[in-house]
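S.K.: In my numbering, the protein residues as written are 168 to 873.
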Amino acid sequence: MPLLELREVGRRLVRRRPLAKADGEGGRLSRCLSTLDLVVLGVGSTLGAGVYVLAGEVARDKAGPAIVLCFLVAALSSVLSGLCYAEFGARVPGSGSAYLYSYVTVGQLLAFITGWSLILSYIIGAASVARAWSATFDGLIGGHITRGLSARISLPAPNVLAAHPDFLALGLVLLLTVLLAAGVRESALVTTLFTVLNLLALAFVIVSGFVKGDLRNWRLAEGDYALAESRLNGTGSLGALGSGGFVPFGMDGILRGAATCFFAFIGFDSIATAGEEARSPQRSIPLGIVLSLLICFLVYFGISASLTLMMPYFLIQPESPLPEAFVHVGWAPARYAVAAGTLCALSSSLLGSMFPTPRVIYAMAEDGLLFRGLAQVHARRRTPTLATAASGVVAACMAFLFELSDLVDLSSIGTLLSYMLVAFSVLVLRYQPDRDRDRDRDAGSGGEEKPGAEAASVQPVRRAGSSGPLRGLCVAGAAAPTEWSGRAVYACAALLGEPRGFWGCCGGAGGPAQPLWVDPSPLPSLSGGLLGCLSHQPSACSIGPGEQARTPTPGSQSPLCSSSPLRPRTRSLLSPPLQVLLLIVLCLLLARWPGRLLSGDPGFLAGASLLLLLTVGVALLIWRQPQNPAPLPFKVPGLPLLPALSIGMNVYLMMQMSPATWARFAVWMLLGFAIYFGYGIWHSLEEQDRQPPASSTQSLHEDTRC
Numbered sequence: 168m169p170l171l172e173l174r175e176v177g178r179r180l181v182r183r184r185p186l187a188k189a190d191g192e193g194g195r196l197s198r199c200l201s202t203l204d205l206v207v208l209g210v211g212s213t214l215g216a217g218v219y220v221l222a223g224e225v226a227r228d229k230a231g232p233a234i235v236l237c238f239l240v241a242a243l244s245s246v247l248s249g250l251c252y253a254e255f256g257a258r259v260p261g262s263g264s265a266y267l268y269s270y271v272t273v274g275q276l277l278a279f280i281t282g283w284s285l286i287l288s289y290i291i292g293a294a295s296v297a298r299a300w301s302a303t304f305d306g307l308i309g310g311h312i313t314r315g316l317s318a319r320i321s322l323p324a325p326n327v328l329a330a331h332p333d334f335l336a337l338g339l340v341l342l343l344t345v346l347l348a349a350g351v352r353e354s355a356l357v358t359t360l361f362t363v364l365n366l367l368a369l370a371f372v373i374v375s376g377f378v379k380g381d382l383r384n385w386r387l388a389e390g391d392y393a394l395a396e397s398r399l400n401g402t403g404s405l406g407a408l409g410s411g412g413f414v415p416f417g418m419d420g421i422l423r424g425a426a427t428c429f430f431a432f433i434g435f436d437s438i439a440t441a442g443e444e445a446r447s448p449q450r451s452i453p454l455g456i457v458l459s460l461l462i463c464f465l466v467y468f469g470i471s472a473s474l475t476l477m478m479p480y481f482l483i484q485p486e487s488p489l490p491e492a493f494v495h496v497g498w499a500p501a502r503y504a505v506a507a508g509t510l511c512a513l514s515s516s517l518l519g520s521m522f523p524t525p526r527v528i529y530a531m532a533e534d535g536l537l538f539r540g541l542a543q544v545h546a547r548r549r550t551p552t553l554a555t556a557a558s559g560v561v562a563a564c565m566a567f568l569f570e571l572s573d574l575v576d577l578s579s580i581g582t583l584l585s586y587m588l589v590a591f592s593v594l595v596l597r598y599q600p601d602r603d604r605d606r607d608r609d610a611g612s613g614g615e616e617k618p619g620a621e622a623a624s625v626q627p628v629r630r631a632g633s634s635g636p637l638r639g640l641c642v643a644g645a646a647a648p649t650e651w652s653g654r655a656v657y658a659c660a661a662l663l664g665e666p667r668g669f670w671g672c673c674g675g676a677g678g679p680a681q682p683l684w685v686d687p688s689p690l691p692s693l694s695g696g697l698l699g700c701l702s703h704q705p706s707a708c709s710i711g712p713g714e715q716a717r718t719p720t721p722g723s724q725s726p727l728c729s730s731s732p733l734r735p736r737t738r739s740l741l742s743p744p745l746q747v748l749l750l751i752v753l754c755l756l757l758a759r760w761p762g763r764l765l766s767g768d769p770g771f772l773a774g775a776s777l778l779l780l781l782t783v784g785v786a787l788l789i790w791r792q793p794q795n796p797a798p799l800p801f802k803v804p805g806l807p808l809l810p811a812l813s814i815g816m817n818v819y820l821m822m823q824m825s826p827a828t829w830a831r832f833a834v835w836m837l838l839g840f841a842i843y844f845g846y847g848i849w850h851s852l853e854e855q856d857r858q859p860p861a862s863s864t865q866s867l868h869e870d871t872r873c
């Protein structure tokens, strides 16, 4: 009995969310955002103050003029995640972004972890941008606000709280919270205004840089460095020269700079949270994501090129690179345009950080994972009022009390986790069988079958001459996915870097490999391995536009969920400790011990090479399986390579986070688990729908089909 109880808990944790119709009928939020609005939202969220500061830091200390290559590599890496978001935006156009995508693919627990992490990420991002806006404005007026507050008010616990409260940041966040609650159309107009002003300021900087720039600054040598050092005469500091030229710090500098520049492209995912408010989400979301990433890359490329052309990279001041560059070329008054652009960038970035938070909270509350009251929508303005107010108040309090510079890395974990899960979900769903084919087959046979023959009639047809599951892994035997090939891809993709997916698949406790309700009798034990996973329950259905997951009747067995006598439950030779998560271990080696790998340590080289070969082998097994031919408005090209690269990149960046950052993240997750296990797991919509009413044989036959 304890094993049955454990399985029951497992089913609760990995239940998937049924999909509403993709056209969004019945959505409670206002559909008023055009494709242009989504592009502006993505650009405004991404082009924050970092565009005015980040280029200087990377160019001086990591890459030199080759920073343009850093942004190119970072943009290509971001496009991998952006394409995966674009496909899911076309496939599942609803509120919630990666939370929703995880819920319909990998189950409830990981969806809650993703949503809870995104809430933290967006709130910290909004609070930190608000404090940056306050500091920038204070700097423009001579620092009077900081001096006045420091002399009159101080906060206790200086190691935890800020030195003094930030009333300007508090008021700014509350003001924008009211704007967001007033209506999505109004907030979109304000975002457009600030984004356009920001782009105009950046265009001025780029054009000025190319006009006043000098190509000799991309070919600097030791003589130029010595001359600059003599001119400073101890009055300033110089960065390192490196080897000079266009790539002074080598390929290692380009890669380190690209890892830093990758975070400059974070923000496009806010577009995906507006799926329930876009007029034509299946078209607008993919187009908005791709166009916003393209615009941001062109701006970053132009800013970094103009900056390194205007002055030698070792003279750049990381704190204020662009104003100092204009002073260097004799255009000192241009720094006012830079200051105005910085404020506009921070304003649009703040709105972009605050916009998605209530949408994620609203989606989670509507699903019952957070308190239901947070899903309340204003009857006339059709905005998630309580979710907006709650997120705004929390962000305002954090901006008021905390110095958030130490928590910026924490905000990146949720984003990277969501990027990884979305890529994993795309990789899995594209190889799942198409239930439309089964429906057409049933229609051709008259729509009725004898219950006893139901299971046998829908078994996948193996290719003649196939000797079993192992041969099927390497030889594609069908033009379209089968139940077996879908499960094979799920297991292989889980090995590439998604731990819960492998446990849910191999353990048979539910998840995407299970329907929303499964008779426990055919489930294998939790020690089932890879081949056991491939041989027991059929694969999850593919999720396409307009489709909705179905729920079978208790006491019955779906024809696609029955145990096939042709596919015995073979136990794997691999025990769970040996079911290595290849990409996670490989990225851990690369992130934590790069020196030992570069120095040629035989043990590390052998381990990394073995992991790389296994990863490539698993990817080839996935590539040999047939893809789902169902049409979608947008599809990620190059499967399984591009999603696998996206998973690897995001795992690598997460592995570079400090232990202190992970400890803070663990504290936040403990608070989330208290809410989930104390409330969400018992009040979710799936919990209420666990015992659907009985239906006729015909409706059962239709409803249980994947």
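Beta carbons: idealized from backbone N, C-alpha and C, even for Gly.
Kindly confirm or deny that the segment 269-276 and the segment 564-583 touch, where touching means at least three C-beta pairs closer than 8 angstroms.
M.R.: No, the segment 269-276 does not touch the segment 564-583.
S.K.: If contact is defined by three or more beta carbon pairs under 8 angstroms, each pair taking one atom from either stretch, is the segment 199-215 in contact with the segment 447-459?
M.R.: Three or more beta-carbon pairs separated by less than 8 angstroms link the segment 447-459 to the segment 199-215, which places the two stretches in contact.
S.K.: Anyone know if the C-beta pair for Pro525 and Tyr289 falls short of 7 angstroms?
M.R.: Not closer than 7 angstroms, so no.
S.K.: Below 7 angstroms between beta carbons: does that hold for Thr281 and Ala293?
M.R.: No, the pair does not count as a contact, with Cβ atoms beyond the cut-off.
S.K.: Compute the Euclidean distance between the alpha carbons of Leu211 and Ser579, then round it to the nearest angstrom.
M.R.: The amino acid at residue 211 is misidentified as Leu; the sequence shows Gly. Going from the Cα of Gly211 to the Cα of Ser579 covers about 18 angstroms.
S.K.: Buried or exposed: Arg547, going by 16 or more other Cβ atoms within 10 Å of its Cβ?
M.R.: exposed
S.K.: Confirm, please, whether the CB-CB distance from Ala226 to Ile483 is below 7 angstroms.
M.R.: yes
S.K.: In the structure shown, what three-state DSSP assignment does Ala445 receive?
M.R.: In this structure, Ala445 counts as strand in the three-state DSSP scheme.
S.K.: Can you grab the Cα-Cα spacing for the pair Gly424 / Leu787, in whole Å?
M.R.: 31 angstroms
S.K.: So what does DSSP say about Leu536, is it helix, strand or coil?
M.R.: coil
S.K.: Assuming Leu518 and Val357 are in contact, meaning their beta carbons sit under 8 angstroms apart, how far apart are those beta carbons, in whole angstroms?
M.R.: Right, the Cβ-Cβ distance comes to about 7 angstroms (below 8 angstroms), so this counts as a contact.
S.K.: Give the secondary structure of Leu820 by DSSP, where H, G and I count as helix, E and B as strand, and everything else as coil.
M.R.: helix
S.K.: Does DSSP put Leu285 in a helix, in a strand, or in coil?
M.R.: helix
S.K.: Which value, in whole angstroms, describes the spacing of the CA atoms of Thr136 and Ala773?
M.R.: Nothing in the structure corresponds to residue 136, since the chain is present only between 168 and 873.
S.K.: DSSP beta-bridge partners for Leu200?
M.R.: Ala445
S.K.: Nearest to Gly535 by alpha carbon, out of Tyr843, Arg178, Val176?
M.R.: Tyr843
S.K.: Excluding the 5 residues preceding and the 5 following Leu740 in the sequence, name in chain order all residues of the same chain whose CB lies nearer than 6 angstroms to its CB.
M.R.: Bear in mind that the predicted position of Leu740 carries a pLDDT of just 27, short of 50, making it too unreliable to give a figure here.
S.K.: CB Leu876 to CB Val505, shorter than 7 angstroms?
M.R.: For the chain, the structure presents residues 168 to 873; residue 876 sits outside this window and is missing.
S.K.: The alpha helix (DSSP H) with Arg227 in it runs from where to where?
M.R.: That residue, Arg227, is in no alpha helix (DSSP H); it is neither H nor E in DSSP.
S.K.: Where does Pro169 land, buried or exposed, given buried means 16+ other C-beta within 10 angstroms?
M.R.: Exposed.
S.K.: Going by the CB atoms, is the gap between Val803 and Val593 shorter than 7 angstroms?
M.R.: yes
S.K.: Hey, out of Leu285, Ile814, Thr475, Pro500, whose CA is closest to Trp835's CA?
M.R.: Leu285
S.K.: From what residue to what residue does the alpha helix (DSSP H) around Leu753 run?
M.R.: 749-759
S.K.: CA-CA distance, Leu584 and Phe771?
M.R.: 26 angstroms
S.K.: Would you decide whether Arg386 is buried or exposed? Buried here means 16 or more other CB atoms lie within 10 Å of its CB.
M.R.: exposed
S.K.: Does the beta-carbon distance from Ser917 to Phe371 come in below 7 angstroms?
M.R.: Nothing can be reported for residue 917, as the shown portion of the chain is limited to 168 through 873.
S.K.: Within a Cβ cutoff of 8 angstroms, which residues of the same chain sit near Ser410, ignoring the five residues on either side of it in sequence?
M.R.: Phe416, Gly417
S.K.: Going straight from the alpha carbon of Val752 to that of Thr782, what length do you get?
M.R.: 11 angstroms
S.K.: Taking 8 angstroms as the limit between beta carbons, can you name the residues of its chain near Glu172, skipping five residues before and five after?
M.R.: none
S.K.: Give me, in chain order, the residues of the same chain whose beta-carbon lies closer than 8 angstroms to that of Leu408; leave out the 5 immediate sequence neighbours on both sides.
M.R.: In chain order, Leu387, Glu389, Tyr392, Pro415, Phe481 place their CB closer than 8 angstroms to the CB of Leu408, counting only its own chain and leaving out the 5 sequence neighbours on each side.
S.K.: Can you list, in chain order, the residues of its chain with a C-beta nearer than 6 angstroms to that of Glu491? Leave out the 5 residues immediately preceding and following it.
M.R.: So the list reads Gln484, once near-sequence residues are dropped.
S.K.: Answer with buried or exposed for Leu779, where buried requires no fewer than 16 other C-beta atoms within 10 angstroms of its C-beta.
M.R.: Exposed, since its Cβ has fewer than 16 Cβ neighbours within 10 Å.
S.K.: DSSP three-state call for Ser473: helix, strand or coil?
M.R.: helix
S.K.: When the Cα of Gly540 is compared with those of Gly223, Leu180, His850, which residue comes out closest?
M.R.: His850
S.K.: Just mark Asp419 as buried or exposed, buried being the case when its beta carbon has 16 or more other beta carbons within 10 Å.
M.R.: exposed
S.K.: The alpha helix (DSSP H) spanning Thr509 covers which residue range?
M.R.: Run containing Thr509: 502-521, per the alpha helix (DSSP H) assignment.
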